[in-house]
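This report refers to the structure that appears directly beneath it.
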Amino acid sequence: MAVYLLAIAAGFAALLWGADRFVVGSATTARNLGVSPLIIGLTIVGFGTSAPEMVVSAIAAWQGNPVMGIGNALGSNITNIALVLGLTALITPLRVHSDTLKREFPLLFIVMLFALLLLLDGNLSRVDGILLIAGLVLQTLYMVVIGLRTRKCESPEDRSCDPLASEFEMEIPADMSTPAALAWIVTGAAVLLASSRVLVWGAVHVATALGISDLVIGLTIVALGTSLPELAASVMSAVKGEHDIAIGNVLGSNMYNLLAVMAMPGLIRPGAFEGEVIYRDYPVMAGATLMLSVTAYGFRGRAGHISRREGATLLVFYAAYIAFLYYTS
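The opening position of the sequence shown corresponds to residue 2 in our numbering, with each subsequent residue numbered one higher.
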């Protein structure tokens, strides 16, 4: 058991580093090619922070554990909202001013409904996987259109812009050459692949030894580990006052998890999954998303806000869900 736990810990550490290098390399390459920082943040960064979940899901399905990938997608979404944003708000209360994020909230609910309709039959087929990838393409195109229509703020007094664009611009390295960025992409992708194989190997053996299903392992241990990039990004962004990025990272990652990550088991090893996914885990994810939207959306022209009290509520919600999984499994 000690070897398996060590493999999980080492896999998580390498996964976090590989994801960071992959995102930095991808974002810098796109910037050097003339892509706007907002489009990079809405697409490449969101995709990059979901790369750990995607690779882990693909490896798990390839090795015969597709349900772990489904659990990873849903569990990561729950973890991103309840744990990542809950802990971030507990450290620094979040205020959200970006109109772009207000467009992402309805899109996230549409993506959730779309994925749910594909899962209701209790079977994730290859056709479902193809449809999810098609949804990913449409979602990405929509975010590109939003990015093209939004301009960055030239000054703090400028009210006709979106602060998210300026925040993304400050986060992308400006002094890295394209060859160096491409090298980081290759290195990050290789580390992601290797660390994911180690992580899945350890997680499967722990699940077998403890008699826990692959679904629960995916919802808890694997989801927590693959959400580390979002946790690090959101906390650092909030501490630096980039509150819109802290929330935007989670919204983008959650959409990619439902479309790209969930598609991996369907494309690689389609088949049936446990009913708990529909009547237990999906409602929890929807409830966490609803809690977030009520506090962070910002109604009637007011800025969205997640206070320390609301952050603590999200953390209690996450702890209650994990405790429920523990007692029921």
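Think of the CB as a built atom: it goes at the ideal place given N, C-alpha and C, for glycine as much as any other residue. Since the structure is predicted, the reported quantities are computational estimates derived from the model, not experimental observations.
On the three-pair Cβ rule with 8 Å, is the segment 242 to 255 touching the segment 46 to 55? yes
Residue(s) in a DSSP beta bridge with A273: Position 272 of the sequence shown, counted from the first residue, corresponds to residue 273. Its beta-bridge partners are N124.
Less than 8 Å between the C-beta atoms of I212 and F23, yes or no? As a position in the sequence shown, residue 212 is number 211, starting the count at 1. As a position in the sequence shown, residue 23 is number 22, starting the count at 1. Note that residue 212 is Gly in the sequence shown, not Ile. No.
Is the segment 307 to 320 touching the segment 85 to 101 in the sense that three or more CB pairs, one from each, lie closer than 8 Å? yes
Reference I131; option with closest CA among D282, M263, A287: In the sequence shown, residue 131 corresponds to position 130, counting from 1. Of the candidates D282, M263, A287, the one whose C-alpha sits nearest the C-alpha of I131 is M263.
Is H206 helix, strand or coil by DSSP? To locate residue 206, count along the sequence shown from 1; it is residue 205. If DSSP states are grouped into helix, strand and coil, H206 belongs with the helices.
Ignoring anything shorter than 4 residues or poking outside the segment 84 to 145, list the alpha helix (DSSP H) runs there in chain order. Unbroken alpha helix (DSSP H) runs of no fewer than 4 residues, entirely contained in the segment 84 to 145, are found at 87 to 92, 100 to 120, following chain order.
What is the C-beta distance between G12 and V199, in whole angstroms, given that I count them as a contact (C-beta under 8 Å)? Here the question's residue 12 lines up with position 11 in the sequence shown. Here the question's residue 199 lines up with position 198 in the sequence shown. Yes, G12 and V199 are in contact; Cβ-Cβ is about 4 Å, under 8 Å.
Roughly how many whole angstroms lie between the Cα atoms of W202 and R150? Counted from its first residue, the sequence shown places residue 202 at position 201. Counted from its first residue, the sequence shown places residue 150 at position 149. Those two C-alpha atoms are separated by around 45 Å.
What's the C-alpha gap between D307 and I82? As a first step, residue 307 is located in the sequence shown; it is residue number 306 there, counting from the start. As a first step, residue 82 is located in the sequence shown; it is residue number 81 there, counting from the start. According to the sequence provided, residue 307 is Ile. The question's Asp does not apply to it. Approximately 11 Å, taken between the alpha carbons.
Minimum C-alpha distance to I40 - residue among N33, V145, I173: For the purposes of this step, residue 40 is taken as residue 39 along the sequence shown, with counting starting at 1. Taking only the C-alpha atoms, the option nearest I40 is V145.
State buried or exposed for P266, treating a residue as buried only when at least 16 other CB atoms are found within 10 Å of its CB. As a working mapping, residue 266 is identified with position 265 in the sequence shown. Only buried fits P266, as 16 or more other CB atoms lie within 10 angstroms of its CB.
Start and end residues, alpha helix (DSSP H) containing L290: Translated into the one-based positions of the sequence shown, residue 290 becomes position 289. Checking the sequence shown, residue 290 turns out to be Thr, not Leu. T290 -> alpha helix (DSSP H) spans 283 to 297.
Identify the continuous alpha helix (DSSP H) that holds A52 and give its terminal residues. The sequence position of residue 52 within the sequence shown is 51, counting from 1. Where A52 is concerned, the enclosing alpha helix (DSSP H) stretches over 52 to 63.
In DSSP terms, what I307 is bridged to: Stepping through the sequence shown from its first residue, residue 307 is reached at position 306. Partner(s): L95.
G212 Cβ short of 7 Å to the ligand HEM heavy atom set: Among the components of this structure there are no ligands whatsoever, and the ligand HEM is therefore not found.
Distance CB(L260)-CB(L137) smaller than 8 Å: Within the sequence shown, the letter at position 259 stands for residue 260. Within the sequence shown, the letter at position 136 stands for residue 137. Cβ distance < 8 Å, so L260 and L137 count as in contact.
Flag this pair as touching only if the segment 73 to 81 and the segment 215 to 232 have three or more C-beta atom pairs under 8 Å; answer yes or no. yes
Nearest residue (CA-CA) to S27, options A184, D282, G272, G123: Here residue 27 refers to the residue found at position 26 when the sequence shown is read from its first residue. It is A184 whose Cα lies nearest to the Cα of S27.
Sorted by chain position, which residues of the same chain lie with C-beta nearer than 7 Å to I186's C-beta, five sequence neighbours on each side aside? Position 185 of the sequence shown, counting from 1, holds the residue named residue 186. Result list for I186: F23, G26, S27, T30, in chain order.
Quick check on V199: does DSSP put it in helix, strand or coil? In the sequence shown, counting from the first residue as 1, residue 199 sits at position 198. Of the three classes helix, strand and coil, the one that applies to V199 here is helix, per DSSP.
With DSSP collapsed to three states, give me the class of P174. Mapped onto the sequence shown, residue 174 falls at position 173. The three-state reading of DSSP puts P174 in coil, since its state is none of H, G, I, E or B.
Classify G212 as helix, strand or coil using the three-state DSSP reduction. Here residue 212 refers to the residue found at position 211 when the sequence shown is read from its first residue. In this structure, G212 counts as coil in the three-state DSSP scheme.
Where does V344 fall in DSSP's three states? Absent from the model: residue 344. The displayed extent of the chain is 2 to 330, so no value can be given.
Does the separation of the CB atoms of Q64 and L108 fall below 8 Å? For the purposes of this step, residue 64 is identified with residue 63 of the sequence shown, where counting begins at 1. For the purposes of this step, residue 108 is identified with residue 107 of the sequence shown, where counting begins at 1. Cβ distance not < 8 Å, so Q64 and L108 don't count as in contact.
Roughly how many angstroms lie between the CA atoms of W18 and L232, to the nearest whole one? Here residue 18 refers to the residue found at position 17 of the sequence shown. Here residue 232 refers to the residue found at position 231 of the sequence shown. Cα to Cα, the separation comes out at about 13 Å.
So G249 is in the alpha helix (DSSP H); what residue range does that whole segment cover? Within the sequence shown, the letter at position 248 stands for residue 249. 244 to 257 is the extent of the alpha helix (DSSP H) around G249.
Which residue's Cα is closest to the Cα of P94: Y5, A20, S37, K241? Here the question's residue 94 lines up with position 93 in the sequence shown. Ranking the options by Cα distance to P94, first place goes to K241.
Is it right to say M2 is buried, meaning 16 or more other beta carbons lie within 10 angstroms of its own, or is it exposed? Start at 1 with the first residue of the sequence shown, and residue 2 comes out as number 1. It is exposed - the Cβ of M2 has fewer than 16 other Cβ atoms within 10 Å.
If you compare alpha carbons, which of A239, G253, F325, A297 is closest to V285? Counted from its first residue, the sequence shown places residue 285 at position 284. The shortest Cα separation from V285 among A239, G253, F325, A297 belongs to F325.
Who are the near neighbours of P174 in its chain, counting only those whose CB is closer than 7 Å to its CB and skipping five residues on each side? Taking the sequence shown and counting its residues from 1, the one referred to as residue 174 is at position 173. Cβ neighbours of P174 beyond the five flanking positions: V25, T29.
Within 10 angstroms of the Cβ of N66, are there 16 or more other Cβ atoms? Answer buried if so, exposed if not. Within the sequence shown, numbered from 1, the residue matching residue 66 stands at position 65. Counting Cβ neighbours within 10 Å, N66 comes out buried, since at least 16 surround it.
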